[in-house]
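Chemist:
Residue numbers (UniProt numbering): 1 to 395.
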């Protein structure tokens with residue numbers, strides 16, 4: 001029994017970390033800090049400062065499966081396109097494997113003496129199972145019962161068809177290496193079965209790796225820089241009224257509004273909807289992707305700089321291997337395709353629960369014909385917004 005007490009310490013801001021850690025180590029006679037490495041610029045600067053202050057810092061690269069810097073193209077630089085990165089990533093795993101420590105039994109019994117130096121707050125995290133429960137029950141069940149249907153159902157927001165692993169990976173309480181080890185134990189031939197339904201889920205894990213490797217090589221992405229430099233000087237419209245409407249889910253486009261309500265109420269948003277609302281903000285409203293990126297990081301329980309930045313720059317067409325600027329999601333068509341019966345919309349916009357399945361995707365004519373006052377008007381018209389976006393992006 002180790003009987004080591006846990007201290008939870010809350011600081012006012014990130015900049016206080018390095019001085020606090022140095023002082024804490026000096027006060028308690030600590031000569032070495034052992035931790036998992038982080039990829040972001042500010043975190044790297046903090047680590048350098050700690051070492052400069054004479055403290056030994058031992059870091060383990062537990063945030064990725066393949067160590068950052070190991071997946072390079074023939075020129076010795078980071079890939080600029082996901083697909084060849086994926087091929088190289090798979091080849092590395094097949095040839096070199098990956099380190100996995102496994103579980104270490106310490107026979108520790110909690111003494112319930114965790115000491116907290118900070119404010120206790122109600123958190124949406126209480127809606128998520130503990131990491132151990134997720135590891136032992138939720139994830140194995142997903143692998144056994146749902147992963148084979150993942151490719152078919154993953155874009156349907158009304159279904160619970162995704163794994164729910166993202167908050168645990170973002171918080172670092174579950175290792176991506178554990179995730180892959182359990183997956184390969186269940187599907188031993190998966191690395192060479194790229195056409196399988198199960199591989200479509202692994203593909204999302206590799207996307208996460210791609211963005212973390214990318215930000216490791218391109219630290220400027222931590223500094224609000226567009227990956228495609230020629231977009232850096234774009235003069236976004238940044239209408240504060242429109243931005244607030246987007247944040248509060250009052251755009252007049254039901255799928256967008258339901259998605260933003262889901263985020264604000266639960267701290268999570270379905271991945272398909274993240275693409276829809278990001279496209280709407282940047283290409284319908286011509287609002288800087290960085291404002292949306294920040295809003296997501298402030299509200300997502302699975303907020304992760306690398307993945308969040310990568311996703312937003314993909315949607316805004318400013319990023320690495322992003323969608324082309326002329327690809328502009330039609331929020332009405334997205335709604336009809338991925339929420340055809342309006343099940344998800346009705347869950348988060350009960351004002352529209354009595355609207356027909358056909359009308360619910362853009363109910364304004366129905367509301368007008370029936371003289372109802374139940375929903376806010378659309379803040380932009382899709383066709384006009386699309387034309388403005390096409391002209392705006394031609395810089």
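Note that the Cβ used here is the ideal one computed from N, Cα and C, for glycine as well. Remember, predicted model here, so these are calculated numbers, not experimental data.
#1: By how many angstroms is the C-alpha of residue 250 removed from the C-alpha of residue 372?
#2: Quick one: residues in its chain with C-beta nearer than 6 Å to the C-beta of residue 263, no 5 flanking neighbours on either side, listed in chain order?
#3: To the nearest angstrom, how far is it from the Cα of residue 166 to the Cα of residue 100?
#4: With a cut-off of 8 Å, do at least 3 Cβ pairs link the stretch 337-347 to the stretch 144-154?
#5: Three-state secondary structure (DSSP) at residue 7?
#6: Please classify residue 259 as buried or exposed, where buried requires at least 16 neighbouring CB atoms within 10 angstroms.
#7: Within its chain, find whatever has a CB closer than 7 Å to the CB of residue 129; leave out the 5 residues flanking it on each side and keep chain order.
#8: Just how far apart, CA to CA, sit residue 63 and residue 147?
#9: Please report how far the alpha carbon of residue 385 lies from the alpha carbon of residue 161, in whole angstroms.
#10: Using beta-carbon positions only, say whether residue 18 and residue 49 come within less than 8 Å of one another.
#11: With three or more beta-carbon pairs closer than 8 Å as the criterion, would you say the stretch 194-203 touches the stretch 319-331?
#12: Hey, out of 286, 352, 380, 212, whose CA is closest to residue 307's CA?
#13: Could you give the DSSP three-state label for residue 60: helix, strand or coil?
#14: The beta strand (DSSP E) that contains residue 138, what's its start and end?
#15: Please classify residue 26 as buried or exposed, where buried requires at least 16 other C-beta atoms within 10 Å of its C-beta.
#16: Looking at C-alpha atoms only, which residue of 293, 254, 272 is the closest neighbour of residue 342?
#17: Near residue 242, which residues of its chain fall below 7 Å by C-beta distance, leaving aside the five closest residues on each side in sequence?
#18: So, at 8 Å on beta carbons, what are the nonlocal neighbours of residue 179 in its own chain, with the 5 sequence-adjacent residues on each side left out?
#19: How is residue 367 classed by DSSP in three states: helix, strand or coil?
#20: Measuring CA to CA, which of 142, 325, 92, 216 is closest to residue 391?
#21: Quick check on residue 35: does DSSP put it in helix, strand or coil?
#22: Which same chain residues end up closer than 7 Å to residue 376 when comparing Cβ atoms and leaving out the 5 residues on each side of it in sequence?
#23: Over what stretch of residues does the alpha helix (DSSP H) that includes residue 25 continue unbroken?
#24: Thinking just about the alpha-carbon of each residue, which of 318, 305, 266 is nearest to the one in residue 127?
#25: What are the boundary residues of the alpha helix (DSSP H) that residue 270 is part of?
#26: So, helix, strand or coil for residue 121, using DSSP?
#27: Mapping DSSP to helix, strand and coil, what is residue 192?
#28: First and last residue of the alpha helix (DSSP H) that includes residue 205?
#29: Quick check on this structure: which residue in 321, 159, 353 has the alpha carbon closest to the alpha carbon of residue 84?
#30: Taking residue 387 as the reference, give the member of 232, 283, 96 with the closest Cα.
Modeler: If we stick to the structure as given:
#1: Here residue 372 refers to the residue found at position 372 when the chain shown is read from its first residue. Here residue 250 refers to the residue found at position 250 when the chain shown is read from its first residue. For residue 372 and residue 250, the distance between alpha carbons rounds to 17 Å.
#2: Taking the chain shown and counting its residues from 1, the one referred to as residue 263 is at position 263. Cβ within range, chain order: 269, 299.
#3: Here the question's residue 166 lines up with position 166 in the chain shown. Here the question's residue 100 lines up with position 100 in the chain shown. Roughly 19 Å separates the two Cα atoms.
#4: no
#5: In the chain shown, counting from the first residue as 1, residue 7 sits at position 7. Residue 7: strand per DSSP, three-state reduction.
#6: The count along the chain shown starts at 1 and reaches residue 259 at position 259. Residue 259 should be labelled buried.
#7: Position 129 of the chain shown holds residue 129. Counting only Cβ-Cβ distances below 7 Å, and skipping sequence neighbours, we find 138.
#8: Locating residue 63 in the chain shown gives position 63, counting from the first residue. Locating residue 147 in the chain shown gives position 147, counting from the first residue. Looking at the two C-alpha atoms, the distance is approximately 23 Å.
#9: The residue given as residue 385 occupies position 385 in the chain shown. The residue given as residue 161 occupies position 161 in the chain shown. Approximately 32 Å between the Cα atoms of the pair.
#10: Within the chain shown, residue 18 is the residue found at index 18, counting from 1. Within the chain shown, residue 49 is the residue found at index 49, counting from 1. Going by C-beta atoms, residue 18 is nearer than 8 Å to residue 49.
#11: no
#12: Within the chain shown, numbered from 1, the residue matching residue 307 stands at position 307. The shortest Cα separation from residue 307 among 286, 352, 380, 212 belongs to 212.
#13: Indexing the chain shown from 1 puts residue 60 at position 60. If DSSP states are grouped into helix, strand and coil, residue 60 belongs with the strands.
#14: Reading the chain shown from its first residue, position 138 is the one you call residue 138. For residue 138, there is no enclosing beta strand (DSSP E), since its DSSP letter is neither H nor E.
#15: For this step, residue 26 is matched to residue 26 along the chain shown. By the 10 Å Cβ count, residue 26 comes out exposed.
#16: Residue 342 sits at position 342 when you count from the first residue of the chain shown. If we check each option's Cα against that of residue 342, 254 comes out closest.
#17: Mapped onto the chain shown, residue 242 falls at position 242. Around residue 242: 285, 287, 379.
#18: Locating residue 179 in the chain shown gives position 179, counting from the first residue. Excluding positions up to five away in sequence, the list reads 139, 165, 169, 205.
#19: Counting from one through the chain shown, the residue named residue 367 turns up at place 367. Residue 367: helix per DSSP, three-state reduction.
#20: By one-based count along the chain shown, residue 391 stands at place 391. Selected option, being the one with the closest Cα: 325.
#21: Taking the chain shown and counting its residues from 1, the one referred to as residue 35 is at position 35. In this structure, residue 35 counts as strand in the three-state DSSP scheme.
#22: To locate residue 376, count along the chain shown from 1; it is residue 376. 250, 252.
#23: For the purposes of this step, residue 25 is taken as the residue at position 25 of the chain shown. Start and end: 17-28.
#24: Numbered from 1 along the chain shown, position 127 holds the residue referred to as residue 127. Ranking 318, 305, 266 by Cα distance to residue 127 puts 266 first.
#25: As a first step, residue 270 must be located in the chain shown, where it is residue number 270. Counting along the chain, residue 270 falls outside any alpha helix (DSSP H), and DSSP gives it neither H nor E.
#26: Start at 1 with the first residue of the chain shown, and residue 121 comes out as number 121. Confidence in residue 121 is poor, its pLDDT being 49 and thus under 50, which makes the residue's placement too unreliable to answer from.
#27: Residue 192 sits at position 192 when you count from the first residue of the chain shown. Residue 192: helix per DSSP, three-state reduction.
#28: The residue given as residue 205 occupies position 205 in the chain shown. Looking at the DSSP string, the run of the alpha helix (DSSP H) that includes residue 205 is 197-217.
#29: For the purposes of this step, residue 84 is taken as the residue at position 84 of the chain shown. The shortest C-alpha separation from residue 84 is found at 321.
#30: The residue you call residue 387 lines up with position 387 of the chain shown. Considering only alpha carbons, the answer is 283.
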